[in-house]
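A.B. asks: Below are the structure tokens for one structure; questions will follow.
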Amino acid sequence: MKALPVEPTGSAIKIGHRLRVARQGQRLTIDQVAELSGLTKGFLSRVERDLTSPSVATLLVLCEVLSIEVGELFMVPETKLVPLSEAPRISLGGEGIVEQLLTPRTERRVQVIRAEIEPHGAGESELYSMDCQVEVLHVISGRFTLILPEQRMELQAGDTVTFPGREPHSWVNPSAEPTVVTWTLVL
2 MKALPVEPTG
12 SAIKIGHRLR
22 VARQGQRLTI
32 DQVAELSGLT
42 KGFLSRVERD
52 LTSPSVATLL
62 VLCEVLSIEV
72 GELFMVPETK
82 LVPLSEAPRI
92 SLGGEGIVEQ
102 LLTPRTERRV
112 QVIRAEIEPH
122 GAGESELYSM
132 DCQVEVLHVI
142 SGRFTLILPE
152 QRMELQAGDT
162 VTFPGREPHS
172 WVNPSAEPTV
182 VTWTLVL
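Numbering (the numbering used here) for the sequence shown: 2 to 188.
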């Protein structure tokens, strides 16, 4: 079988931003990378701004200094869309609540859950905790009471609260109006 010819797109692959992110992730300054790589600060700055492209040899040196694989610079990030209309319904407990998982079921780093809560809907009567590192609760509309062991937090649209994931809690919609919130669980 004959290989199909690939036509070049004419657009250069931009790797400068990824190099800058890798440098900053290592907490290195451009001066430090210049010293470690033997390249000039000006050249590195132009590479990071995609104003010039490094040679393969130079790219190998930069990747070694930044402790990254060359291939990482060319990988297309995986992006997944979950339309609200297709987000699966889940049930984490409570009365008068409809919950949908907004992140893909395969996502293992974070989960975002959207909850519509009927007037006076409530969580479990006993405090419960989630098996995650951090929980972030954001009130999109309505009012919401977060119940923690030592306090009750009265929240309204636009408010966001962050707390440890294993912190026992429950909740209630204290109003006669529906409430919409998102829960973000960092796993």
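In this text, a Cβ means the ideal position worked out from N, Cα and C, and glycines have one as well.
Quick one: give me the first and last residue of the alpha helix (DSSP H) that Glu-65 is part of.
C.D. replies: Looking at the DSSP string, the run of the alpha helix (DSSP H) that includes Glu-65 is 57-67.
A.B. asks: If you measure between the beta carbons of Leu-102 and Ile-118, is that distance less than 7 Å?
C.D. replies: Contact: no.
A.B. asks: Compare the C-alpha of Glu-125 against each of Met-154, Gln-25, Ser-171 and Gln-157 and name the closest.
C.D. replies: With distances taken between Cα atoms, Glu-125 lies closest to Ser-171.
A.B. asks: Taking contact to mean 3 or more Cβ pairs, one atom from each stretch, closer than 8 Å, check whether the stretch 122-140 and the stretch 154-164 are in contact.
C.D. replies: These segments touch.
A.B. asks: Measure the Cβ-Cβ separation of Arg-28 and Glu-49 and say whether it is below 7 Å.
C.D. replies: No.
A.B. asks: Is it the case that the Cβ atoms of Ala-116 and Glu-100 are separated by a distance below 7 Å?
C.D. replies: Closer than 7 Å, so yes.
A.B. asks: Quick check on Glu-136: buried or exposed, where buried means 16 or more other Cβ atoms within 10 Å of its Cβ?
C.D. replies: When all chains shown are included, Glu-136 counts as buried.
A.B. asks: Where do the ends of the beta strand (DSSP E) carrying Leu-156 lie?
C.D. replies: Counting along the chain, the beta strand (DSSP E) containing Leu-156 begins and ends at 153-157.
A.B. asks: So, for Leu-45: in the same chain, excluding its five sequence neighbours on each side, which residues have a beta-carbon less than 7 Å away from its beta-carbon?
C.D. replies: Closer than 7 Å at Cβ, skipping near neighbours: Ile-31, Val-34 and Ala-35.
A.B. asks: If you draw a straight line from the C-alpha of Asn-174 to the C-alpha of Glu-151, how long is it?
C.D. replies: Their Cα atoms are separated by approximately 19 Å.
A.B. asks: Given Pro-165, which residues of its chain have a CB within under 8 Å of its CB, disregarding the five upstream and five downstream residues?
C.D. replies: Here the set comprises Gln-134, Val-135 and Glu-136.
A.B. asks: Looking at C-alpha atoms only, which residue of Arg-19, Ser-92 and Leu-85 is the closest neighbour of Thr-104?
C.D. replies: Of the candidates Arg-19, Ser-92 and Leu-85, the one whose C-alpha sits nearest the C-alpha of Thr-104 is Leu-85.
A.B. asks: To the nearest angstrom, how far is it from the Cα of Ser-54 to the Cα of Val-71?
C.D. replies: Approximately 14 Å, taken between the alpha carbons.
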